[in-house]
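Chains C and R, in that order, are what the protein sequence lines are. Numbering-wise (this note's numbering), the first sequence opens with residue 1 and increments by one. Numbering-wise (this note's numbering), the second sequence opens with residue 1001 and increments by one. The beta carbon of each residue, even a glycine, is placed where N, CA and C say it ideally should be. Keep in mind the model is a prediction, meaning the values are calculated, not measured. Below is one structure; the comments refer to it alone.
There are 2 protein chains.
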Amino acid sequence: MTNAFSDRLRGYGRLNDEDERLLAAACQNVRTLRAGHHLIREGDRPDPVFVILEGWACRYKLLPDGSRQIMTFMMPGDFCDIHIAVLEAMDHNIVTLTRTKVATLPRAKMQALVEARPTITRAFWWAQLVDTGVLRAWVVSMGRRTAIERVSHLMCELYIRMRDVGLASHNRCEMPLTQLVLADALGLTPVHVNRTVKELRQAGVMDLGRGWLTILRPAEMARIAGFDANYLHQRLAGPGKFAVALAERTATAGRAARGLTPAPQ
Amino acid sequence: MTNAFSDRLRGYGRLNDEDERLLAAACQNVRTLRAGHHLIREGDRPDPVFVILEGWACRYKLLPDGSRQIMTFMMPGDFCDIHIAVLEAMDHNIVTLTRTKVATLPRAKMQALVEARPTITRAFWWAQLVDTGVLRAWVVSMGRRTAIERVSHLMCELYIRMRDVGLASHNRCEMPLTQLVLADALGLTPVHVNRTVKELRQAGVMDLGRGWLTILRPAEMARIAGFDANYLHQRLAGPGKFAVALAERTATAGRAARGLTPAPQ
DNA sequence: CGGAGAATTGACGCGAGTCAAGTAACGTGG
DNA sequence: CCACGTTACTTGACTCGCGTCAATTCTCCG
Chain C
1 MTNAFSDRLR
11 GYGRLNDEDE
21 RLLAAACQNV
31 RTLRAGHHLI
41 REGDRPDPVF
51 VILEGWACRY
61 KLLPDGSRQI
71 MTFMMPGDFC
81 DIHIAVLEAM
91 DHNIVTLTRT
101 KVATLPRAKM
111 QALVEARPTI
121 TRAFWWAQLV
131 DTGVLRAWVV
141 SMGRRTAIER
151 VSHLMCELYI
161 RMRDVGLASH
171 NRCEMPLTQL
181 VLADALGLTP
191 VHVNRTVKEL
201 RQAGVMDLGR
211 GWLTILRPAE
221 MARIAGFDAN
231 YLHQRLAGPG
241 KFAVALAERT
251 ATAGRAARGL
261 TPAPQ
Chain R
1001 MTNAFSDRLR
1011 GYGRLNDEDE
1021 RLLAAACQNV
1031 RTLRAGHHLI
1041 REGDRPDPVF
1051 VILEGWACRY
1061 KLLPDGSRQI
1071 MTFMMPGDFC
1081 DIHIAVLEAM
1091 DHNIVTLTRT
1101 KVATLPRAKM
1111 QALVEARPTI
1121 TRAFWWAQLV
1131 DTGVLRAWVV
1141 SMGRRTAIER
1151 VSHLMCELYI
1161 RMRDVGLASH
1171 NRCEMPLTQL
1181 VLADALGLTP
1191 VHVNRTVKEL
1201 RQAGVMDLGR
1211 GWLTILRPAE
1221 MARIAGFDAN
1231 YLHQRLAGPG
1241 KFAVALAERT
1251 ATAGRAARGL
1261 TPAPQ
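Okay, structure coming up:
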């Protein structure tokens, strides 16, 4: 009885069988939603907590001129703020980006979970700190990274997060985000995202298309992005492909700080 | 016995005298630090929770090429994540920007506070949700706002946050941030921040310099920024100057979406 | 097979960065 | 209280990354 919820929290603490059972039991009320369904709208009074079990969603805001900024991608195992209910009105929207399975956790059940299991409580805290870390990393990307660095960094992040919930391996994972969606997340235009993805593809660093991401040269990718996974606070930071990549990155730090090195053809 | 800590939390819940007393008592261990003192460094094991009582600090990250991105400004009443201790290493730095008074709260005291007073617990949750909202608003600014919109939006935010802890009134407050610091927060260069501040000054919208911010035409300022204070979740959203400004903004929404309107003589 | 959304590409413009040279404000010590 | 060094602020000229506009070409699916 495992699901994306416990898959994620397991990475943040030593859950025992009882913890896992309770987490699975908490996800009774599951809905399947099509892409484009709003889970939360700006101005709404906050609903109960929900967890993504399958599929992708995002938080976003609309600006007066009609442009959209995505602030968070939510993937399986991600959930909305636990204490959201104390607020009077939501200040942003959450919409599904693909067909999505969502579990709704009544406030009472949430409360019981937290009071009964300190391990789970700690895992919630941890998850919340990771989410904040991701948000901070986005600020850094938008503020100080070029388009190619931004795209690379986001792909590194999403790959690692997918891997941490068991949805990626061998430098490959599903990535059903359109270039328009990526543009709204990266603060770029779709046209420029396209050009940037093309550049990374031609350099043999990664491939992105038809719903899949493939990282072809992790070390080079991490170097371009200036990617350091520390903000994801992986408790079990084993020597996966990307850890190796980061070690290599250190070794090649002497090279030019930006720009691509030619593909090793 | 009031301080910036209770001043802030009071805005998020109905604290009674006992709550206020406990909060004040929790701030026994106070240090005064000069500008440039690091409260936290990347890689550190997290320390106890701290609260800013006077002065300013910021969270930031350094990039491989040496550039800096500030992710949060911390003003009196702001504190670091309450559950930070569950993490193994900090993923960013926190440094004071001015002479600063900081109170350190031992973990046990924190724990006692939360367990004894549900009102305070709720206020903590609320404060954390506001901090996250601010972070999301920054992502929006960096992603989709021009320089003049970004500067205006940040100044609106900082003014309101200062007012909410009783440190601003009559559209004026202390603002000891240099243009270099602002540039690192806004994802711009100091040169461009200077040009942008000049433009706003010449338009008679605001003045910023010598350590002070003055908002001369709040309605126009809010219009340029596309500022909506909802993400700050002010519980006591009385009709202050800025609420009025926002009402006016709605009334003038028909005008050109961007750009300045001429100063009214 | 056909329509809609997504991806792609080229030409051109502009907002913000870069470089460089000042001027003003501030803090410190004599 | 002034001299002086340091830091912050300004300004102009030029460059460039990314946006804009517009036209195709894919891809997916019903």
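Using beta-carbon distances, P1064(R) counts as an interface residue toward chain C, with a partner under 8 angstroms. In this structure, the straight-line span from the alpha carbon of L1200(R) to that of S1141(R) is close to 17 angstroms.
Residue pairing for N1093(R): DSSP places it in a beta bridge opposite Y1060(R). When DSSP assignments are scanned along the segment 176 to 224 of chain C, the uninterrupted stretches of beta strand (DSSP E) that are 3 or more residues long and fall wholly within it turn out to be 206 to 209, 212 to 215. Secondary-structure assignment with DSSP links I1040(R) through a beta bridge to I1094(R). In the same chain as T1002(R), and ignoring 5 residues on each side of it, the C-beta atoms closer than 8 angstroms to its own belong to E1020, A1024, in chain order. Along the segment 1026 to 1047 of chain R, the positions whose C-beta sits under 9 angstroms from a C-beta of chain C are E1042, G1043, read in chain order. Boundaries for L1232(R): no alpha helix (DSSP H) harbours it, and the DSSP string shows neither H nor E there. Between R1172(R) and W1138(R), the C-beta spacing is not below 8 angstroms. L1105(R) and N1029(R) have their C-alpha atoms spaced approximately 7 angstroms apart. Cβ proximity to chain C below 7 angstroms picks out T1132, G1133, L1135, R1136, W1138, V1139, V1140, M1142, G1143, R1144 from the segment 1132 to 1148 of chain R. Looking from the CA of N1093(R), the closest CA among L1113(R), D1044(R), V1151(R) belongs to D1044(R). Chain-order list of chain C residues neighbouring W1126(R): H83, V86, L87, by C-beta distance under 9 angstroms.
For R107(C), no CB of chain R lies under 8 angstroms from its own CB, so it is not counted at the interface with that chain. Contact check for T1121(R) against T132(C) fails: the beta carbons are separated by 8 angstroms or more. Beta-bridge annotation (DSSP): C1173(R) is paired with A1168(R), L1213(R).
Per DSSP, V1051(R) lies in no alpha helix (DSSP H); the unbroken beta strand (DSSP E) holding it starts and ends at 1049 to 1054.
Interface annotation, M75(C): not in contact with chain R, CB-CB separation never under 8 angstroms.
The C-alpha of R145(C) lies about 19 angstroms from the C-alpha of P218(C). For R34(C), there is no enclosing beta strand (DSSP E), as DSSP gives it neither H nor E. Under the three-state reduction of DSSP output, T72(C) falls in the strand class.
In the three-state reduction of the DSSP assignment, T132(C) falls in the helix class. For chain C, the residues of the segment 1218 to 1237 of chain R that bring a beta carbon within less than 7 angstroms of one of its beta carbons are G1226, N1230, Y1231, H1233, in chain order. C-alpha of L1033(R) to C-alpha of V1102(R): approximately 8 angstroms in a straight line. W1125(R) places its beta carbon 8 angstroms or farther from that of V130(C).
Here M175(C) is near L158(C), since their CB atoms are less than 8 angstroms apart. Exclusion of the five residues before and after K1061(R) leaves Q1069, H1092 as the residues of its chain whose Cβ lies within less than 6 angstroms of its Cβ. Of the residues assessed, T100(C) falls on the buried side of the cut-off, its CB having 16 or more other CB atoms within 10 angstroms.
Around the beta carbon of E1018(R), fewer than 16 other beta carbons sit within 10 angstroms, so the residue counts as exposed. Residue pairing by DSSP places A1103(R) opposite V1030(R), V1051(R) in a beta bridge. When 9 angstroms is used as the limit between beta carbons, M1110(R) is near no residue of chain C, the shortest such separation being about 13 angstroms. Of the other Cβ atoms in all chains shown, 16 or more fall within 10 Å of the Cβ of T96(C); this residue is therefore buried. The closest CA to that of A1026(R), considering only W1056(R), A1108(R), T1072(R), is found on A1108(R). Within chain R, no residue has its beta carbon less than 7 angstroms from that of S152(C); the closest one is some 13 angstroms off.
In terms of Cβ geometry, A112(C) and C156(C) do not form a close pair [threshold 8 angstroms].
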